[in-house]
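Notes follow the structure.
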Amino acid sequence: MSGKDSSVFFSNSLQEALASLKNIPGIRPVGGCLGFIYGNLDRVLHLPERLLTLNGIPELTAINKTERHIEFGAAVTIRSILNLGEKNIPPVLYRALKSIGNPSVRALVTIGGNLAPVHFHYAASAPLLALDAKLEIRQGTETRMVSLNHYFSAAHGSASEESRTPELITKVRVPTDGWDVSIFRRTGKPGMITEDTGFFVFLVKTQKNILSDLRVAWASDCFFRNREFENLTIGKTLPLSEREIDSLLNRAGEYTAAELPAGSYKHRCFFNYLESAFRVLS
Numbered sequence: 001m002s003g004k005d006s007s008v009f010f011s012n013s014l015q016e017a018l019a020s021l022k023n024i025p026g027i028r029p030v031g032g033c034l035g036f037i038y039g040n041l042d043r044v045l046h047l048p049e050r051l052l053t054l055n056g057i058p059e060l061t062a063i064n065k066t067e068r069h070i071e072f073g074a075a076v077t078i079r080s081i082l083n084l085g086e087k088n089i090p091p092v093l094y095r096a097l098k099s100i101g102n103p104s105v106r107a108l109v110t111i112g113g114n115l116a117p118v119h120f121h122y123a124a125s126a127p128l129l130a131l132d133a134k135l136e137i138r139q140g141t142e143t144r145m146v147s148l149n150h151y152f153s154a155a156h157g158s159a160s161e162e163s164r165t166p167e168l169i170t171k172v173r174v175p176t177d178g179w180d181v182s183i184f185r186r187t188g189k190p191g192m193i194t195e196d197t198g199f200f201v202f203l204v205k206t207q208k209n210i211l212s213d214l215r216v217a218w219a220s221d222c223f224f225r226n227r228e229f230e231n232l233t234i235g236k237t238l239p240l241s242e243r244e245i246d247s248l249l250n251r252a253g254e255y256t257a258a259e260l261p262a263g264s265y266k267h268r269c270f271f272n273y274l275e276s277a278f279r280v281l282s
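full-length UniProt numbering numbers the first residue of the sequence shown as 1 and each following residue consecutively.
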């Protein structure tokens, strides 16, 4: 708050962090803290009264890979993920994370911090939505795994971020399936977050010229991922005809009407990207 000091709390373990989250009213968990800088035009930086830094907790900075998933602790930095190389993480996620700021910014931003805000969905959101990523969330002694889509939907249903029950994203689990088509696009100024910023992802799997899976995701101040729409494409033979593309774009307009009002800048960007992506399949 302007003119007031902020208290910063440190934890050496996940258990300590969860105890602080439970016992200290209004405390906000933070990673690189860059989310407080975006959009701040005042000479005085506005911070919550109480901050809980997570960067020193070993459990939250680990990276583990299995045959089907790669799992990041919530405090793993974007730079650390990129250092794994594009061959070791889904390419669409790599390209999205590469679009974040500059090397100095990527050394501070954490994967959990990139997903936690509900007022705006940053670069990691669209690829992780499309990839069916799951979050491990800890609340007191309770641990649960939720899809990112479910997490965003529940967060948008809350009256405000402050009104939500204190909880902590501890892990991000990302499937590492291969995709035949993998497209990432972003709107707005490169390396910056403005009101025009948005992120688009399009993924396709094929089997013998048949669409076997397709994913479409959008993230900005709103988000979109709809399995019912995606299922309309399953089983279609490639290449897609002009008629099929027009039909799919019309149906997409029905499914996105609430999130992306017709005529808006982000609506135009989304549909330009979507049409271009479908034409890759034609």
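Every residue, glycine too, gets a C-beta built ideally from N, C-alpha and C.
These numbers were taken from a predicted model, which means no experiment stands behind them.
Identity of the residues DSSP links to residue i by a beta bridge
i	result
lysine 208	Per DSSP, none; premise fails for lysine 208.
alanine 217	Val201
isoleucine 183	Phe202
histidine 69	Pro175
Proximity of residue i and residue j at Cβ, strictly below 7 Å
i	j	result
asparagine 231	tyrosine 255	no
leucine 168	leucine 21	yes
glycine 113	glycine 31	yes
phenylalanine 200	tyrosine 273	yes
alanine 217	leucine 135	no
valine 76	threonine 66	no
leucine 51	valine 8	yes
alanine 17	threonine 170	no
serine 11	isoleucine 63	no
leucine 211	lysine 236	yes
First through last residue of the alpha helix (DSSP H) which encompasses residue i
i	result
arginine 268	265-280
lysine 22	14-23
lysine 171	From DSSP, lysine 171 is part of no alpha helix (DSSP H) but of the beta strand (DSSP E) over 168-175.
glutamate 254	242-255
lysine 65	Counting along the chain, lysine 65 falls outside any alpha helix (DSSP H), though it belongs to the beta strand (DSSP E) covering 63-65.
valine 105	103-106
glutamate 230	227-231
proline 29	Looking at the DSSP string, proline 29 is not in any alpha helix (DSSP H); the run it does join, the beta strand (DSSP E), is 28-30.
Contacting residues, own chain, Cβ-Cβ under 8 Å from residue i (five flanking each side not counted)
i	result
proline 103	Arg79
proline 166	Leu21, Lys22, Ile27, Gln139
serine 264	none
Beta-carbon proximity list for residue i, same chain, < 6 Å, skipping 5 on both sides
i	result
leucine 82	Leu97
residue 314	A question about residue 314 goes unanswered here, because the residues of the chain that appear run from 1 up to 282.
glutamate 59	Leu14
serine 99	Ala123, Arg186
alanine 277	Ile183, Phe202
histidine 121	Ala219, Phe223
arginine 279	none
threonine 188	Checking the displayed sequence, the identity of residue 188 turns out to be glycine instead of threonine. Taken in chain order, the residues that qualify are Thr194, Asp196, Thr197.
arginine 106	Ile78, Arg79, Ile100
serine 163	Residue confidence for serine 163 is low, a pLDDT of 49 falling below 50, so the modelled location carries little weight and cannot support an answer.
alanine 159	Below a pLDDT of 50, predicted positions are generally treated as unreliable, and alanine 159, at 45, falls in that range; no measurement from the model is reported.
For residue j and residue i, believed in contact at Cβ under 8 Å, the rounded distance
i	j	result
glutamate 71	arginine 144	Not quite, the Cβ-Cβ distance comes to about 15 Å (not below 8 Å), so this is no contact.
proline 175	aspartate 132	6 Å
aspartate 177	threonine 206	Their Cβ separation, rounded to whole angstroms, is 13 Å, which puts aspartate 177 and threonine 206 out of contact at 8 Å.
alanine 257	phenylalanine 229	Contact flag wrong, Cβ pair sits at about 12 Å.
leucine 115	leucine 148	7 Å
Other residues of its chain near residue i: CB distance less than 7 Å, five sequence neighbours each side excluded
i	result
valine 146	Lys134, Leu135, Ile137
alanine 126	Ala96, Phe199, Phe200, Val201, Ala217, Trp218, Ala219
Segment limits, beta strand (DSSP E) that includes residue i
i	result
valine 146	142-147
serine 7	7-10
lysine 134	134-139
leucine 260	Leucine 260 -> no beta strand (DSSP E), and no H or E assigned at all.
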